[in-house]
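Sequential numbering from 23 applies to the sequence shown in the numbering used here.
Glycine residues also receive a C-beta, built at the ideal position from the N, C-alpha and C atoms.
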Amino acid sequence: MNISVPEFVVSFFKQNQVNFISTIPGGGLMEILDTCYDDPGMRVILVRHEQAAAFISHGYARATGKPSVCMATKSPGATNLVNGITAAFIESTPVIAISGDVSTAFKGRDCFEEVDLVSVFKPITKWSASVPTANRIPEYLREAFRIAQSGRPGPVHLSIPANFFKEKIDIDISELENVQQYFCRYDIFPNPASIREAAEIILKAKRPMIIAGGGVLQAGASKEVVELAELFSMPMATTYRKKPIPEDHYLYVGPTGVTGVKASSKAFKWADVVLAIGCRFSEFATDTYNMDFAGKKLIHIDIDPRVIGKIYPVSVGIVSDCKAGVRCLLDVLKEGATDKQYNTENIEFISKLVREWDDDLYNRDFDKCPISHGRLLKDLRETLERDAYVVLDSGNFASWTSWYFKTYVPGTFIFPTSGSMGFGLPGAIGVKLAHPDKQVVSISGDGGFAMTMQELETIARENIKVLSVVVNNFNLSNIKIRQMYKYNERYLGVDFIKPQDFAGVAEALGCYAERVTRPEEFKPALERCLKNLPAVLDVLVDPEDTNTSQSAGNWSEV
Numbered sequence: 023m024n025i026s027v028p029e030f031v032v033s034f035f036k037q038n039q040v041n042f043i044s045t046i047p048g049g050g051l052m053e054i055l056d057t058c059y060d061d062p063g064m065r066v067i068l069v070r071h072e073q074a075a076a077f078i079s080h081g082y083a084r085a086t087g088k089p090s091v092c093m094a095t096k097s098p099g100a101t102n103l104v105n106g107i108t109a110a111f112i113e114s115t116p117v118i119a120i121s122g123d124v125s126t127a128f129k130g131r132d133c134f135e136e137v138d139l140v141s142v143f144k145p146i147t148k149w150s151a152s153v154p155t156a157n158r159i160p161e162y163l164r165e166a167f168r169i170a171q172s173g174r175p176g177p178v179h180l181s182i183p184a185n186f187f188k189e190k191i192d193i194d195i196s197e198l199e200n201v202q203q204y205f206c207r208y209d210i211f212p213n214p215a216s217i218r219e220a221a222e223i224i225l226k227a228k229r230p231m232i233i234a235g236g237g238v239l240q241a242g243a244s245k246e247v248v249e250l251a252e253l254f255s256m257p258m259a260t261t262y263r264k265k266p267i268p269e270d271h272y273l274y275v276g277p278t279g280v281t282g283v284k285a286s287s288k289a290f291k292w293a294d295v296v297l298a299i300g301c302r303f304s305e306f307a308t309d310t311y312n313m314d315f316a317g318k319k320l321i322h323i324d325i326d327p328r329v330i331g332k333i334y335p336v337s338v339g340i341v342s343d344c345k346a347g348v349r350c351l352l353d354v355l356k357e358g359a360t361d362k363q364y365n366t367e368n369i370e371f372i373s374k375l376v377r378e379w380d381d382d383l384y385n386r387d388f389d390k391c392p393i394s395h396g397r398l399l400k401d402l403r404e405t406l407e408r409d410a411y412v413v414l415d416s417g418n419f420a421s422w423t424s425w426y427f428k429t430y431v432p433g434t435f436i437f438p439t440s441g442s443m444g445f446g447l448p449g450a451i452g453v454k455l456a457h458p459d460k461q462v463v464s465i466s467g468d469g470g471f472a473m474t475m476q477e478l479e480t481i482a483r484e485n486i487k488v489l490s491v492v493v494n495n496f497n498l499s500n501i502k503i504r505q506m507y508k509y510n511e512r513y514l515g516v517d518f519i520k521p522q523d524f525a526g527v528a529e530a531l532g533c534y535a536e537r538v539t540r541p542e543e544f545k546p547a548l549e550r551c552l553k554n555l556p557a558v559l560d561v562l563v564d565p566e567d568t569n570t571s572q573s574a575g576n577w578s579e580v
């Protein structure tokens, strides 16, 4: 079968359930775009900055677990993808980045837009490669999709010289068949001896607890983790802003680490055995590596053997897909767990912790003006549907969101643990493309929102019905807090002259928008925005409401 390279690439994407490409046109991509013009099955999302293209793909892949494709032209376009691809790498997200490159005849001659893109992307991807000949494009695309989805997922990068898009290739029709044929899609099951050893420790434990991380979400293991916790009445804590278990569960004690709460800190100190599932014990999840495991036994389940024992010594390390590992552990534990079920003492202890946590969160003045973070997020949670997706930007407000916005359906809370500002709006675009029937709301601070707010024109043009809530306190709170505590309030580079009018910007770019200045205005305005999507809700928040340490405290010292 003789087929042009652009036709093959687009057909390959469609066969592998990729139905849109986020991009900005450039000289290295013209033939791909021209092919998409004649193909109604491939949607091209024109963004206003390539960073947003990467974030859109990231949001889609986070919401589905499936690969998503972003494309950029030669060096200036491709290098603009770097921040978004870095975020995908840190968060183990299968994003496929395709960059056009200079023609092979011009390489090494310092031609226009010539950059070693393979080297640029190599440190931030699982695999970065340049296709050597047009005939090998099918092989390299298969490899890209295979690597992105295998083991711990992650982004890959392919650089394709521009002249290859003008060629035709001879392929077997099977080359267009689903990429899943070319790699073994399987659950990694644990060593039975390790499972038995872990089960013996748990059965002998008096005060076991669970710490669940992002690997639980990627494996779809939330149900199994909850079942295990219920079997032994174990408190369940979660790592930095992952929310892999329903937060209204009676055994949930909150997040650990830098944005952790007193309930999870006290539960950790109380525990004699800790079962860590799908977590890497990152800096923020461990309160800057201050978790003290002295006198405790640690059982660690993760698909990546490199993270087990890397930060803290383990009593048992189990290399496994989280779902398969927990299921195998459950099967063994159920044989000897009858006397452990419904541990009233544990449940009473956990209930007391949760009551104290709720008192700390909600015993506040929610009627003060300007509106507080707590009031905004409490009202937002009460208004949105139970399975609404919330996509966060990076910023001080995110700490408040991790406490006040309870997540009931695992996987619907999406946060850039990479720290990438500007993720919120484009990330929400990707989530909405994945789940058009769900409510999708982005929450951004004024600093992060300003970095990608040009994509409001994108959602207006493409009629992508997301709501952006802007927490507008006219300063960069994360840094201002540090200047307050560590530099004696010597503020520099953190304050804006006045609140930016993001509602006005949104209207100018074609979106419905409202501005809220008082707490009682928020819910009615929110309801109107949800009826007039795409929309922006610009909320003036108390600029002094930044001292998050009053809510969490130093987690390790609680």
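Whole-angstrom distance between residue j and residue i, CA atom to CA atom
i	j	result
G244	I25	Reading off the sequence, residue 244 comes out as Ser, not Gly. The alpha-carbon atoms of S244 and I25 are separated by roughly 44 angstroms.
S573	G470	Any reading at S573 is ruled out, since the residue's pLDDT is 42, under 50, leaving its predicted position unreliable.
N38	S90	10 angstroms
M231	G532	50 angstroms
V376	D314	22 angstroms
I5	I325	Shown here, the chain extends from 23 to 580; a query on residue 5 therefore has no answer.
L548	F42	30 angstroms
E357	N365	17 angstroms
A166	P521	44 angstroms
A109	I223	37 angstroms
D138	E249	50 angstroms
For residue i, three-class secondary structure by DSSP
i	result
L498	coil
P277	strand
L562	strand
C58	helix
V40	coil
R512	coil
K319	strand
R504	helix
A307	coil
L555	coil
F34	helix
L406	coil
Y82	helix
S490	strand
I430	The residue you asked about is not Ile; residue 430 is Tyr in the sequence shown. Y430 falls in the coil class under three-state DSSP.
E536	strand
Q572	Only weak support exists for where Q572 lies, its pLDDT of 39 falling under 50; the value from the coordinates is given anyway. If DSSP states are grouped into helix, strand and coil, Q572 belongs with the helices.
D517	strand
D459	coil
C350	helix
6 angstroms CB neighbourhood of residue i in its chain, flanking five on each side removed
i	result
P28	E53, I54, T57, F187
A227	D294, V295
R397	F388, P541
T539	L562
C92	S44, A75, A76, S79, A119
S466	D415, G446, V492
Residues near residue i by beta carbon distance below 7 angstroms, same chain, minus five either side
i	result
F427	L399, L402, R403, V412
E246	K345, V348, R349, L352
C551	L489, Y534, E536, A557, L559
Per DSSP, the bridge partner or partners of residue i
i	result
L414	I465
T260	A234, P277
V66	I43
P116	In DSSP, P116 forms no bridge with anything.
M93	T45, I120
S181	S121, S152
D192	N24
D324	V341
A298	I233, H322
F435	V412
I393	V563
Residues near residue i by beta carbon distance below 8 angstroms, same chain, minus five either side
i	result
P432	V238, L239, S244, K265, P266, I267, P268
N554	Y534
P160	F30, F34, I191, I193, E197
Nearest candidate by alpha-carbon position, reference residue i, set the options
i	options	result
N418	S464, N500, P438	N500
V31	P116, K190, T95	K190
M473	K460, V463, Q461, V492	V492
S125	T310, E135, A220	E135
L414	S152, I436, P565, T281	I436
L68	A215, M443, Q476, V338	Q476
Q202	D192, I299, I169, T439	I169
F128	L51, V354, S97, N185	N185
T86	K96, N102, S114	S114
Y82	P177, S255, R70, G526	P177
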